[in-house]
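Worksheet for the structure shown next.
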């Protein structure tokens, strides 16, 4: 993880719900030229379905846009219905599939959110 965090263009966001001081989730992304990728997004079980994942996604989109990116991509397991619903609701669309990508043999879906010419929060 230290090697990832030391890479150029890496952004890290922590999020909590309301007055809670303990983080309920985090997102790590990386900007490369005019696009960016989400490397990982995690939300604790007690914070799920309460808007934190969406807030972290929107925060990352605004940060990478401020760094000149007009596109944000990520990978998600084809079998992770909850994450897929989160990403779909946040404006991501499927652009590809990587067969047998994960160690368990499941496919990865490649998703993107594009906002060139508009603010990412407007999507």
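Residue numbers (full-length UniProt numbering): 1 to 123.
Just so it is clear, CB atoms sit at the ideal spot from N, CA and C, and this is done for glycine as well.
Item to check | Euclidean distance between Cα positions of residue 42 and residue 69 | outcome: Sequence index remark: in the chain shown, residue 42 carries index 42 (1-based). Sequence index remark: in the chain shown, residue 69 carries index 69 (1-based). Taking the straight line from one Cα to the other gives about 22 Å.
Checklist entry - residue 111 and residue 74: beta carbons closer than 8 Å? => result Within the chain shown, residue 111 is the residue found at index 111, counting from 1. Within the chain shown, residue 74 is the residue found at index 74, counting from 1. Cβ distance < 8 Å, so residue 111 and residue 74 count as in contact.
Next on the checklist: On the criterion of 16 or more Cβ atoms from any shown chain inside 10 Å, does residue 6 qualify as buried, or is it exposed?
Outcome noted: The residue given as residue 6 occupies position 6 in the chain shown. Flag for residue 6 reads exposed.
Checklist entry - Given residue 104, which residues of its chain have a CB within under 6 Å of its CB, disregarding the five upstream and five downstream residues? => result Mapped onto the chain shown, residue 104 falls at position 104. There are no such residues.
Checklist entry - Can you tell me whether residue 133 is buried or exposed, with buried defined as 16 or more other CB within 10 angstroms of its CB? => result In the structure as shown, the chain starts at 1 and stops at 123, and residue 133 therefore has no counterpart that could be examined.
Next on the checklist: I'd like the list of long-range same chain contacts for residue 124, defined as Cβ closer than 7 Å, with 5 residues on each side in sequence excluded.
Outcome noted: Absent from the model: residue 124. The displayed extent of the chain is 1 to 123, so no value can be given.
Next on the checklist: Looking at residue 39: is its Cβ nearer than 8 Å to the Cβ of residue 4?
Outcome noted: Translated into the one-based positions of the chain shown, residue 39 becomes position 39. Translated into the one-based positions of the chain shown, residue 4 becomes position 4. Yes, these two residues count as a Cβ contact at 8 Å.
Next on the checklist: Helix, strand or coil, according to DSSP, for residue 40 in the structure here?
Outcome noted: Position 40 of the chain shown, counted from the first residue, corresponds to residue 40. The answer is strand: DSSP assigns residue 40 an E or B state.
Next on the checklist: Short of 7 Å in beta carbon distance, which residues of its chain neighbour residue 44, apart from the five on each side in sequence? Order them along the chain.
Outcome noted: Indexing the chain shown from 1 puts residue 44 at position 44. Once the five neighbours on either side are set aside, the close Cβ partners of residue 44 are 24, 25.
Checklist entry - If you follow the beta strand (DSSP E) that residue 108 is part of, which residue opens it and which one closes it? => result Locating residue 108 in the chain shown gives position 108, where the first residue counts as 1. Run containing residue 108: 108-114, per the beta strand (DSSP E) assignment.
Checklist entry - For residue 91, is the classification buried or exposed, using 16 other Cβ atoms within 10 angstroms of its Cβ as the cut-off for buried? => result Here residue 91 refers to the residue found at position 91 of the chain shown. Residue 91 should be labelled buried.
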